[in-house]
Amino acid sequence: MRRTALTWLVIGLAGWVLLPWYMAAGGFWRFEWILHLAGDSRSGLGWALGGRGWLWLPALGFVGAGLTLALARSQLGAARGLVASGAGGLGLLVGEATLVGTRFGLFEGENPGLGAGALVTAAALLFLTTTGISGLGKGRGDAFVTGLVGAIVALVATFVFYPLAFILVRAFELKGGAGFGISEFFPRFFSSSVWGIGCVTGHGYCGPAINSFLLGLSTAGGTTFMGLMFALIFTRTDFKAKKFLRVLTVLPIITPPFVIGLALILLFGRAGTITEFFAWAFDWEKTRWLYGFKGVWLAQMLSFTPIAFLVLIGVVEGVSPSMEEASQTLDANRWQTFRYVSFPLMRPGIANAFLLGFIESIADFGNPLVLGGNFNVLSTEIYFAIVGTIADPAKAAILSITLLTFTLSAFLAQRFWVGKKNYATVTGKADSGRHAALNPALRWTAYLVALPWAAFTLVLYALILFGSFVKLWGYDHTFTL
6 MRRTALTWLV
16 IGLAGWVLLP
26 WYMAAGGFWR
36 FEWILHLAGD
46 SRSGLGWALG
56 GRGWLWLPAL
66 GFVGAGLTLA
76 LARSQLGAAR
86 GLVASGAGGL
96 GLLVGEATLV
106 GTRFGLFEGE
116 NPGLGAGALV
126 TAAALLFLTT
136 TGISGLGKGR
146 GDAFVTGLVG
156 AIVALVATFV
166 FYPLAFILVR
176 AFELKGGAGF
186 GISEFFPRFF
196 SSSVWGIGCV
206 TGHGYCGPAI
216 NSFLLGLSTA
226 GGTTFMGLMF
236 ALIFTRTDFK
246 AKKFLRVLTV
256 LPIITPPFVI
266 GLALILLFGR
276 AGTITEFFAW
286 AFDWEKTRWL
296 YGFKGVWLAQ
306 MLSFTPIAFL
316 VLIGVVEGVS
326 PSMEEASQTL
336 DANRWQTFRY
346 VSFPLMRPGI
356 ANAFLLGFIE
366 SIADFGNPLV
376 LGGNFNVLST
386 EIYFAIVGTI
396 ADPAKAAILS
406 ITLLTFTLSA
416 FLAQRFWVGK
426 KNYATVTGKA
436 DSGRHAALNP
446 ALRWTAYLVA
456 LPWAAFTLVL
466 YALILFGSFV
476 KLWGYDHTFT
486 L
């Protein structure tokens, strides 16, 4: 433990003494900062000596760690000292980075971003802390394991919890940026512009929260059902082209997010290939039906059905064949076996697939942006609240909290539906045998649902491939390389 702590102590001091504390203008890896070590690229020590006394604070952690290693007589005392010194120094570094300048106004101009010196110093203080924790017996006394856990916690806190906290704070911002208060939160959160139900009552449009919720339920239900049909075909039928079908079901996962929306526009848009054909053959009127809920739902079905399929195929294969054989031995027919034995064991997987489909749908940005039209959802509204003509961070924060509320609600609903039951099949011996064949009606239902969808996917990607070899898909179909 002492050797590891000493190593991190030396690394941390080197970062604080030698490396630029603030972000280098030309980037760290261009090494131009070496020419300006006495100027704007000074280290933490250089800035501290130059008048920014608050940069002495992180070094106190190294002082405490050094004294601990020099004076502590017992392993337990050294471990406690390292935890206190490392955590204290890291807290002081985070405090001075977030408060100085932003709260106390000690910088002229903008608060500069932290650089390589601050990063190395923070990492060293973190790993001094985790080394001390390992000395206390945590992580089986393995400094590497506790350090890895500490690094993961730090990354999650930095890139997940901190942004969420920032969003929560901005949601309470008063109009005009005149401070923070709860008086503005509830009127914004429950505003009709967010929760409007005009599309349900027939008086206008629904708000983005309602649109996202309805779209999420529709997509989650559709992708879960479609994924289950594909999974049943793969595991419970003798369909001959399973390998080819599997390629088609997984292909949308590797497709860029905007490609499916663009392909649907060039097929079903007002000037799309299929639209033009039906207008010519049947004299149908060209419409913009694709832009809105229907188009976004169709694109999301194509995009997220593979995710549901990958979840459910493992679940369907995991159902115990011996349980199904026992059911048939007790004179149950195929439908009764599926309904009362197989399907209940699939229940957690179906809930997981539904949850993933719902979350993917409400968080989807590419498909609503391309096909949404006047159909506003939370993801696009958050984007336009940030980068639109009039930036409104408070509105973006409110919509983000709404999106987070939906996600957590879906998770809790999934937990409630699955419950605390144990769905593992315990037989006392290794499982064997073949899965029960599907009821003929269920088998043909799976065929009639899944195979046309696979054919539609094949046509869509064939046209995408065709479009990559012409000059301008939808306008000039002259072949070119």
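For what it's worth, the numbering used here labels the leading residue of the sequence shown as 6, then goes sequentially. For each residue, glycine too, the CB sits at the ideal point set by N, CA and C. Note that the structure is predicted; figures quoted are calculated from it, not measured.
{"query": "Would you decide whether residue 414 is buried or exposed? Buried here means 16 or more other CB atoms lie within 10 Å of its CB.", "result": "exposed"}
{"query": "Could you pull out every unbroken alpha helix (DSSP H) segment of at least 4 residues lying fully inside the region 331-385, listed in chain order?", "result": "339-342, 348-368, 371-376"}
{"query": "Output the residue ranges of the beta strand (DSSP E) runs that lie fully inside the region 82-165 and measure 3 residues or longer, sorted by chain position.", "result": "none"}
{"query": "Just to confirm my understanding: we take residue 199, look at its own chain, exclude 5 residues before and 5 after, and list those with CB closer than 6 Å. What are they?", "result": "212, 214"}
{"query": "Taking the alpha-carbon of residue 120 as reference, which of 381, 34, 459, 93 has the nearest alpha-carbon?", "result": "34"}
{"query": "If I measure Cβ to Cβ from residue 321 and keep anything under 7 Å in the same chain, skipping five residues before and after, which residues do I get?", "result": "236, 237, 240, 351"}
{"query": "Could you tell me if residue 54 is buried or exposed, where buried requires 16 or more neighbouring beta carbons within 10 angstroms of its beta carbon?", "result": "exposed"}
{"query": "From residue 51 to residue 123, what does the alpha carbon distance come to, in whole angstroms?", "result": "13 Å"}
{"query": "Tell me the rounded alpha-carbon separation between residue 88 and residue 65.", "result": "13 Å"}
{"query": "Nearest to residue 244 by alpha carbon, out of 287, 216, 36, 451?", "result": "451"}
{"query": "Would you say residue 225 and residue 384 are within 8 Å of each other, going by their C-beta atoms?", "result": "no"}
{"query": "Below 8 Å CB to CB, which residues in the same chain sit around residue 483 once its five sequence neighbours on both sides are set aside?", "result": "475, 476"}
{"query": "If you draw a straight line from the alpha carbon of residue 24 to that of residue 46, how long is it in whole angstroms?", "result": "8 Å"}
{"query": "Which value, in whole angstroms, describes the spacing of the CA atoms of residue 19 and residue 136?", "result": "19 Å"}
{"query": "The beta strand (DSSP E) that contains residue 484, what's its start and end?", "result": "481-484"}
{"query": "Quick one: residues in its chain with C-beta nearer than 6 Å to the C-beta of residue 174, no 5 flanking neighbours on either side, listed in chain order?", "result": "none"}
{"query": "Since I believe residue 83 is in contact with residue 145 (beta carbons under 8 Å), could you give me their beta-carbon distance rounded to a whole number of angstroms?", "result": "Between residue 83 and residue 145 the Cβ distance is about 18 Å, and since that is not below 8 Å, they are no contact."}
{"query": "According to DSSP, residue 178 sits in a beta bridge with which residue or residues?", "result": "185"}
{"query": "Based on DSSP bridge pairs, tell me the residues matched to residue 477.", "result": "481"}
{"query": "Using DSSP's beta-bridge definition, name the partner residues of residue 27.", "result": "119"}
{"query": "What would DSSP say about residue 202, mapped onto helix, strand or coil?", "result": "strand"}
{"query": "I need the straight-line Cα distance from residue 258 to residue 448, nearest angstrom please.", "result": "26 Å"}
{"query": "From this set, 348, 398, 261, 154, which residue's C-alpha is nearest residue 469's C-alpha?", "result": "261"}
{"query": "Count the other CB atoms, across all protein chains shown, that sit within 10 Å of the CB of residue 27; report buried if there are 16 or more and exposed otherwise.", "result": "buried"}
{"query": "If distances are taken between C-alpha atoms only, which option among 152, 76, 463 comes closest to residue 307?", "result": "463"}
{"query": "Report the rounded CA-to-CA distance for residue 298 versus residue 220, giving the unit in angstroms.", "result": "7 Å"}
{"query": "Restricting to Cα atoms, I'd like to know which of 62, 209, 22, 80 is closest to residue 92.", "result": "62"}
{"query": "Count the other C-beta atoms from every protein chain shown that fall within 10 angstroms of the C-beta of residue 473, then say buried if there are 16 or more, exposed otherwise.", "result": "exposed"}
{"query": "What does DSSP give as the partner residues of residue 48 in its beta bridges?", "result": "25"}
{"query": "Along the alpha helix (DSSP H) that carries residue 266, what are the first and last residues, could you check?", "result": "262-273"}
{"query": "In angstroms, rounded to a whole number, what distance separates the CA positions of residue 532 and residue 389?", "result": "No information on residue 532 is available, as it lies outside the stretch 6 to 486 that the chain covers here."}
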